[in-house]
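Enquirer:
Protein chains: 2
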Amino acid sequence: MRAQRHDLDGIVDAAIGLLDEIGLPDLSMRRVAGALGVQPSALYWHVENKQSLLAAVADRIVREAPAADGVAATAWALRDALLAHRDGAEVVVSTVALSLGSDAMHGRLREAYAGEGSEDPDRDASVLTQFLLGHTSFVQQRMQAAAIGAYDATPESVADATRADFQAGLDALAPRHSS
Amino acid sequence: MRAQRHDLDGIVDAAIGLLDEIGLPDLSMRRVAGALGVQPSALYWHVENKQSLLAAVADRIVREAPAADGVAATAWALRDALLAHRDGAEVVVSTVALSLGSDAMHGRLREAYAGEGSEDPDRDASVLTQFLLGHTSFVQQRMQAAAIGAYDATPESVADATRADFQAGLDALAPRHSS
DNA sequence: ACCTGAACACCGTTCAAGT
DNA sequence: ACCTGAACACCGTTCAAGT
Chain A
1 MRAQRHDLDG
11 IVDAAIGLLD
21 EIGLPDLSMR
31 RVAGALGVQP
41 SALYWHVENK
51 QSLLAAVADR
61 IVREAPAADG
71 VAATAWALRD
81 ALLAHRDGAE
91 VVVSTVALSL
101 GSDAMHGRLR
111 EAYAGEGSED
121 PDRDASVLTQ
131 FLLGHTSFVQ
141 QRMQAAAIGA
151 YDATPESVAD
161 ATRADFQAGL
171 DALAPRHSS
Chain B
1001 MRAQRHDLDG
1011 IVDAAIGLLD
1021 EIGLPDLSMR
1031 RVAGALGVQP
1041 SALYWHVENK
1051 QSLLAAVADR
1061 IVREAPAADG
1071 VAATAWALRD
1081 ALLAHRDGAE
1091 VVVSTVALSL
1101 GSDAMHGRLR
1111 EAYAGEGSED
1121 PDRDASVLTQ
1131 FLLGHTSFVQ
1141 QRMQAAAIGA
1151 YDATPESVAD
1161 ATRADFQAGL
1171 DALAPRHSS
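Chains as they are written, first to last, in the numbering used here: chain A, 1 to 179; chain B, 1001 to 1179.
#1: Taking only beta carbons into account, state which residues of the region 1101-1116 of chain B come closer than 7 Å to chain A, listed in chain order.
#2: For L145 (chain A) versus L1098 (chain B), is the C-beta distance shorter than 7 Å?
#3: Alpha carbon to alpha carbon, what distance is there between V1091 (chain B) and I1011 (chain B)?
#4: Could you pull out every residue in the same chain whose Cβ sits closer than 7 Å to the Cβ of V1093 (chain B), ignoring the five residues on either side in sequence?
#5: Between the C-alpha atoms of Q167 (chain A) and S1041 (chain B), what's the straight-line distance to the nearest angstrom?
#6: Helix, strand or coil: which one does DSSP assign to Y203 (chain A)?
#7: By the 9 Å beta-carbon criterion, what residues does the region 133-151 of chain A contribute toward chain B?
#8: Do the region 1011-1024 of chain B and the region 1042-1058 of chain B make contact, defined as three or more Cβ pairs closer than 8 Å?
#9: Given that a residue counts as buried once 16 or more other Cβ atoms are within 10 Å of its Cβ, and exposed if not, what is Q65 (chain A)?
#10: Excluding five sequence neighbours on each side, which residues of the same chain lie with their C-beta closer than 7 Å to the C-beta of S179 (chain A)?
#11: Is the beta carbon of D103 (chain A) closer than 7 Å to that of Y113 (chain A)?
#12: If you count every other CB in all the chains shown that lies within 10 Å of the CB of R86 (chain A), and 16 or more means buried, which is it?
#13: I'd like to know if H1177 (chain B) contacts chain A, where contact means its C-beta is closer than 7 Å to some C-beta of that chain.
#14: Can the beta-carbon of D160 (chain A) be found closer than 7 Å to that of S1126 (chain B)?
#15: Does H1006 (chain B) come out as helix, strand or coil in the three-state DSSP assignment?
#16: Quick one: which residues of the region 63-81 of chain A get their C-beta closer than 8 Å to a C-beta of chain B? List them in chain order.
#17: Sorted by chain position, which residues of the same chain lie with C-beta nearer than 8 Å to Y1151 (chain B)'s C-beta, five sequence neighbours on each side aside?
#18: In the DSSP assignment, find the alpha helix (DSSP H) that holds L128 (chain A) and state where it starts and stops.
#19: Near A81 (chain A), what residues of its chain come up, given a Cβ to Cβ distance below 7 Å and the 5 sequence neighbours on each side ignored?
#20: Going straight from the alpha carbon of D1059 (chain B) to that of R79 (chain A), what length do you get?
#21: Kindly indicate which three-state DSSP category G1037 (chain B) falls into: helix, strand or coil?
#22: Could you give the distance in angstroms between the alpha-carbon of E21 (chain A) and the alpha-carbon of A55 (chain A)?
#23: Starting from A1159 (chain B), trace the alpha helix (DSSP H) both ways and give me its first and last residue.
#24: Since A35 (chain A) and L18 (chain A) should fall inside the 8 Å C-beta cutoff, what is the C-beta to C-beta distance between them, to a whole number of angstroms?
#25: Please check if any C-beta of chain A sits within less than 7 Å of the C-beta of S1126 (chain B).
#26: With 16 other CB atoms within 10 Å as the buried threshold, where does T992 (chain B) fall?
#27: Which first and last residues belong to the alpha helix (DSSP H) in which L43 (chain A) is found?
#28: Should P1175 (chain B) and E1119 (chain B) be called a contact, given that it needs their Cβ atoms to be closer than 7 Å?
#29: Please identify the residue among B:P1121, B:S1028, B:A1084, B:V1038 whose C-alpha is closest to the C-alpha of D1007 (chain B).
#30: Helix, strand or coil for T1095 (chain B)? Go by DSSP, reduced to three states.
#31: Let me make sure I understand the geometry here. Which of A:A33, A:W76, A:I16 has the alpha-carbon closest to that of R5 (chain A)?
#32: A84 (chain A): buried (16+ other C-beta within 10 angstroms of its C-beta) or exposed?
#33: When the cut-off is 7 Å and only beta carbons count, does D171 (chain A) lie next to chain B?
#34: What in chain A is Cβ-close to A1164 (chain B), meaning under 8 Å?
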């Protein structure tokens, strides 16, 4: 068989595509390899193990969030980015402590808080990061439960209710006016 | 071989014991069965699948939190309960949407908010639940990363810093005085 | 440099059969 | 009612060997 030649970026592309299709529980190294037309063992040339591949995926998901002005807009952009991919929140949560993708989150929020005159931008960013991760995990969990009938509500009503939750959280955690 | 006779409670006991020993990634149905001296397939008489066993574990973890007075004390008690078992936060997060153990969390916080004169106890409880879950996931992730050297800090300093994070979150999300 | 092929030590779950 | 035993269709990871 022909050698296929891939790099980390291509592998992450394939992994994200598969993630959206089949979800995190079914995302295996063997499936990623299959999507690339390669043997499972070939992945280990590019990546140390599954966890570090997921870290790279998390990194990409967070970086897909566009830059925005101010704490609230930044937080909404990050929320959108995590919700844009199936199980995106869970993937990011699981790698947050290793200060990869999550550090990008924290860093953006820290800058936004600093720009709005926070007295402790680092602490404020930590708290909002933790809320954001818990919130998005909850949203995706609920949406999937609603989709399979395990939670009695329409996806739309879950989306609406959780947007209101997020807004309420931001009202409390982000400064209202920065003058 | 002798029949072993178990009930759901005993299985949850064994699962929690194993969870503390080996962590969620290594917690398999086969290991739980092994700890009980039983074949893996025997578990399926008591439990529909692994996910529902984990839901029962999550339920128990949350119920282990003692009742407390007021929003802040309730939140700290829940935080302690999730942190009391290895990967406790992750277990609870993964079953939160199915309104099992997590509903107990939400319910307690809702009552506490109502008792402090909140205008929307349901929303306030949702926001605090989401922060609590994100926060505790983050703490356990960081502590483990610190333990294996993947994050450069002592477990104590992580514990201290995250306690301050939680207090800051509560300052913003819980009412300061209830008169 | 990058991939194949084969192997190792695992998984969750089902189901007939035992007691 | 509750468990065993065997099977099915999978896993992540390692490593020699190929090109």
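In this text, a Cβ means the ideal position worked out from N, Cα and C, and glycines have one as well.
Expert: Reading off the structure:
#1: Result list empty, no residue passes.
#2: Locating residue 145 (chain A) in the first sequence gives position 145, where the first residue counts as 1. Locating residue 1098 (chain B) in the second sequence gives position 98, where the first residue counts as 1. Note that residue 145 (chain A) corresponds to Ala in the displayed sequence, not to Leu. Taking 7 Å as the cut-off, the beta carbon of A145 (chain A) is found closer than this to the beta carbon of L1098 (chain B).
#3: Working through the second sequence from its first residue, we reach residue 1011 (chain B) at position 11. Working through the second sequence from its first residue, we reach residue 1091 (chain B) at position 91. Rounded to whole angstroms, I1011 (chain B) to V1091 (chain B) spans 16 Å at the Cα level.
#4: For the purposes of this step, residue 1093 (chain B) is taken as residue 93 along the second sequence, with counting starting at 1. Excluding sequence neighbours, V1093 (chain B) sits near L1133, S1137.
#5: In the first sequence, the residue the question calls residue 167 (chain A) occupies position 167. In the second sequence, the residue the question calls residue 1041 (chain B) occupies position 41. Going by the C-alpha atoms only, they are around 46 Å apart.
#6: Coverage of chain A is limited to positions 1 through 179, which leaves residue 203 (chain A) absent and any answer about it impossible.
#7: The residues in question are L133, G134, H135, T136, S137, F138, V139, Q140, Q141, R142, M143, Q144, A145, A146, A150, Y151.
#8: Short answer: they touch.
#9: On the first sequence, position 65 is the one that residue 65 (chain A) refers to. Position check: residue 65 (chain A) holds Ala in this sequence, whereas Gln was assumed. Result: buried.
#10: Taking the first sequence and counting its residues from 1, the one referred to as residue 179 (chain A) is at position 179. Confidence is the limiting factor: at S179 (chain A) the pLDDT is only 42, short of 50, which leaves the residue's position unreliable, though a coordinate-based value still follows. Closer than 7 Å at the Cβ level, and outside the excluded window around S179 (chain A), lies no residue.
#11: Position 113 of the first sequence, counted from the start, is the residue given in the question as residue 113 (chain A). Position 103 of the first sequence, counted from the start, is the residue given in the question as residue 103 (chain A). Contact flag unset, no.
#12: For the purposes of this step, residue 86 (chain A) is taken as the residue at position 86 of the first sequence. Per the 10 Å Cβ criterion, buried.
#13: The residue you call residue 1177 (chain B) lines up with position 177 of the second sequence. A caution first: H1177 (chain B) carries a pLDDT of 45, below 50, which makes its placement in the model too unreliable to give a value.
#14: To locate residue 160 (chain A), count along the first sequence from 1; it is residue 160. To locate residue 1126 (chain B), count along the second sequence from 1; it is residue 126. At the C-beta level, D160 (chain A) and S1126 (chain B) stay beyond 7 Å of one another.
#15: Walking along the second sequence from the start, residue 1006 (chain B) turns up at place 6. Three-state DSSP puts H1006 (chain B) in coil, outside helix and strand.
#16: Only those residues of the region 63-81 of chain A whose C-beta falls short of 8 Å from the nearest C-beta of chain B would be listed, and there are none.
#17: Position 151 of the second sequence, counted from the first residue, corresponds to residue 1151 (chain B). So the list reads R1142, A1145, V1158, once near-sequence residues are dropped.
#18: As a first step, residue 128 (chain A) must be located in the first sequence, where it is residue number 128. Under the DSSP assignment, L128 (chain A) falls in the alpha helix (DSSP H) whose first and last residues are 121-147.
#19: Counting from 1 along the first sequence, the entry for residue 81 (chain A) is found at position 81. These residues qualify, in order along the chain: I61, V62, E64, A65.
#20: Locating residue 1059 (chain B) in the second sequence gives position 59, counting from the first residue. Locating residue 79 (chain A) in the first sequence gives position 79, counting from the first residue. C-alpha separation (whole angstroms): 28 Å.
#21: The residue labelled residue 1037 (chain B) in the question sits at position 37 within the second sequence. Residue state, collapsed to three classes: coil.
#22: Mapped onto the first sequence, residue 21 (chain A) falls at position 21. Mapped onto the first sequence, residue 55 (chain A) falls at position 55. Taking the straight line from one Cα to the other gives about 19 Å.
#23: By one-based count along the second sequence, residue 1159 (chain B) stands at place 159. Counting along the chain, the unbroken alpha helix (DSSP H) around A1159 (chain B) starts and ends at 1155-1173.
#24: Against the first sequence, residue 35 (chain A) aligns to sequence position 35. Against the first sequence, residue 18 (chain A) aligns to sequence position 18. Approximately 6 Å separates the beta-carbon atoms of A35 (chain A) and L18 (chain A); this is inside 8 Å, confirming the contact.
#25: The residue you call residue 1126 (chain B) lines up with position 126 of the second sequence. Yes, S1126 (chain B) counts as interfacial toward chain A.
#26: No statement about residue 992 (chain B) is possible, as the shown extent of chain B runs from 1001 to 1179 and does not include it.
#27: In the first sequence, the residue the question calls residue 43 (chain A) occupies position 43. Boundaries of the alpha helix (DSSP H) around L43 (chain A): 43-46.
#28: Along the second sequence, one-based indexing puts residue 1175 (chain B) at 175. Along the second sequence, one-based indexing puts residue 1119 (chain B) at 119. At the C-beta level, P1175 (chain B) and E1119 (chain B) stay beyond 7 Å of one another.
#29: As a working note, residue 1007 (chain B) is residue 7 in the second sequence. When only C-alpha atoms are compared, the closest one is B:V1038.
#30: On the second sequence, residue 1095 (chain B) is found 95 positions in, with the first residue counted as 1. In the structure shown, T1095 (chain B) sits in coil (DSSP, three-state: anything other than H, G, I, E or B).
#31: The residue you call residue 5 (chain A) lines up with position 5 of the first sequence. Closest by alpha carbon: A:A33.
#32: Reading the first sequence from its first residue, position 84 is the one you call residue 84 (chain A). Exposed: under 16 other Cβ atoms inside 10 Å.
#33: The residue labelled residue 171 (chain A) in the question sits at position 171 within the first sequence. By this cut-off, D171 (chain A) is not an interface position.
#34: By 1-based counting over the second sequence, the position of residue 1164 (chain B) is 164. Contacts between A1164 (chain B) and chain A, judged by CB atoms closer than 8 Å, involve R123 in chain order.
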